[in-house]
Amino acid sequence: MADNSRELLLLGLTAQGDRPSFETLYRSYHPRLSRFLSRLTQRQDLVEEVVNDTFWVVWQKAGEFRGTSLVSTWIMGIAYRCTLKSLRRSGSALSEPLADYEDPAASALQIEHELRDWIGKGMRHLPLEQRTTLELAYFLGHSCEEIAGILDCSVGTVKARMFHARVKLRNLLPSLGGIKERDRYEPLG
4 MADNSRELLL
14 LGLTAQGDRP
24 SFETLYRSYH
34 PRLSRFLSRL
44 TQRQDLVEEV
54 VNDTFWVVWQ
64 KAGEFRGTSL
74 VSTWIMGIAY
84 RCTLKSLRRS
94 GSALSEPLAD
104 YEDPAASALQ
114 IEHELRDWIG
124 KGMRHLPLEQ
134 RTTLELAYFL
144 GHSCEEIAGI
154 LDCSVGTVKA
164 RMFHARVKLR
174 NLLPSLGGIK
184 ERDRYEPLG
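Offset between the sequence shown (1-based) and my numbering: plus 3.
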């Protein structure tokens, strides 16, 4: 919550036209938004455009923030809606996100790479709403309440999307990993 207090202060100063506060928010959120948006589209030009569109909205609407959610939830929600708008406007389809979950700082162990690739393939088979919900929950660490705020839906909808996405992945991942139905439940060895 300390981060939210700081972000509330920065947002309040931004609403008053304080450019240094706005720049601090921008620098703080740019990497996080870029990672999130890169999972929705691999077009880097579109990612940068959406980050800029997002912060244009933040600059214009900072004074309208009601404080009913975390500042991060509000900004991520703006970014999500800007992404959908930009994808529709450009006629671009969603790319194949999550092609590589690998953190650049992490070691490049082969098994970890294969696991990330396998999960990425499974995630690409999910509908946008389910994939985005899992992304926000498991890869960006947002709570169900925060995701509901970002995606502008109810907490129940978030939980249902997570449930259905996990069921789809549980049924899909074995076949993507080369496990045949008949081998799925037989003991190894």
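C-beta: ideal position from N, C-alpha, C; glycine also.
These figures come from a predicted structure and were not determined experimentally.
Inset, instruction - Would you kindly work out how many angstroms separate the C-alpha atoms of E10 and L90, rounded to a whole number? - result: Indexing the sequence shown from 1 puts residue 10 at position 7. Indexing the sequence shown from 1 puts residue 90 at position 87. If I take the Cα positions, the gap works out to 29 angstroms.
Inset, instruction - Flag this pair as yes or no: are the beta carbons of Y29 and F58 separated by less than 8 angstroms? - result: Within the sequence shown, the letter at position 26 stands for residue 29. Within the sequence shown, the letter at position 55 stands for residue 58. Cβ atoms of Y29 and F58: closer than 8 angstroms.
Inset, instruction - Return helix, strand or coil for Q19, following the three-state DSSP convention. - result: For the purposes of this step, residue 19 is taken as residue 16 along the sequence shown, with counting starting at 1. Q19: coil per DSSP, three-state reduction.
Legend entry - Same chain, Cβ closer than 7 angstroms to A65, neighbours up to 5 away in sequence not counted: Here residue 65 is taken as the residue at index 62 of the sequence shown, counted from 1. If we look at A65 and ignore the five residues flanking it on each side, its Cβ neighbours are L14, T17, A18.
Legend entry - Beta-carbon proximity check, V53 vs H33, cutoff 8 angstroms: Residue mapping note: residue 53 aligns to position 50 of the sequence shown, counting from 1. Residue mapping note: residue 33 aligns to position 30 of the sequence shown, counting from 1. No. Outside cutoff.
Legend entry - Test item: CB-CB of G125 and L176 under 8 angstroms: To locate residue 125, count along the sequence shown from 1; it is residue 122. To locate residue 176, count along the sequence shown from 1; it is residue 173. Yes, the Cβ-Cβ distance between G125 and L176 is below 8 angstroms.
Legend entry - Range of the contiguous alpha helix (DSSP H) that encloses G66: Taking the sequence shown and counting its residues from 1, the one referred to as residue 66 is at position 63. For G66, no alpha helix (DSSP H) encloses it, and the DSSP letter there is neither H nor E.
Legend entry - Candidates N7, E26, R42, G20, of which the one nearest F142 by Cα: Walking along the sequence shown from the start, residue 142 turns up at place 139. Scanning N7, E26, R42, G20 for the CA closest to the CA of F142 turns up R42.
Legend entry - Rounded C-alpha distance that separates R173 from D56: Here the question's residue 173 lines up with position 170 in the sequence shown. Here the question's residue 56 lines up with position 53 in the sequence shown. R173 and D56: Cα-Cα distance of roughly 36 angstroms.
Inset, instruction - Can you tell me which of L36, T136, T44, E51 puts its alpha carbon nearest to the alpha carbon of I78? - result: Stepping through the sequence shown from its first residue, residue 78 is reached at position 75. Relative to the Cα of I78, the nearest Cα in the group L36, T136, T44, E51 belongs to L36.
Inset, instruction - Can you tell me which of the three DSSP states H167 falls into? - result: Here residue 167 refers to the residue found at position 164 when the sequence shown is read from its first residue. Correct three-state label for H167: helix.
Inset, instruction - Might you give, ordered along the chain, the residues of its own chain that have their beta carbon closer than 6 angstroms to the beta carbon of M165, omitting 5 neighbours on each side? - result: In the sequence shown, the residue the question calls residue 165 occupies position 162. Closer than 6 angstroms at Cβ, skipping near neighbours: T136.
Inset, instruction - Return helix, strand or coil for L12, following the three-state DSSP convention. - result: Residue 12 sits at position 9 when you count from the first residue of the sequence shown. Helix.
Legend entry - Extent of the continuous alpha helix (DSSP H) to which A82 belongs: Here residue 82 refers to the residue found at position 79 when the sequence shown is read from its first residue. For A82, the uninterrupted alpha helix (DSSP H) run begins and ends at 74-93, by DSSP.
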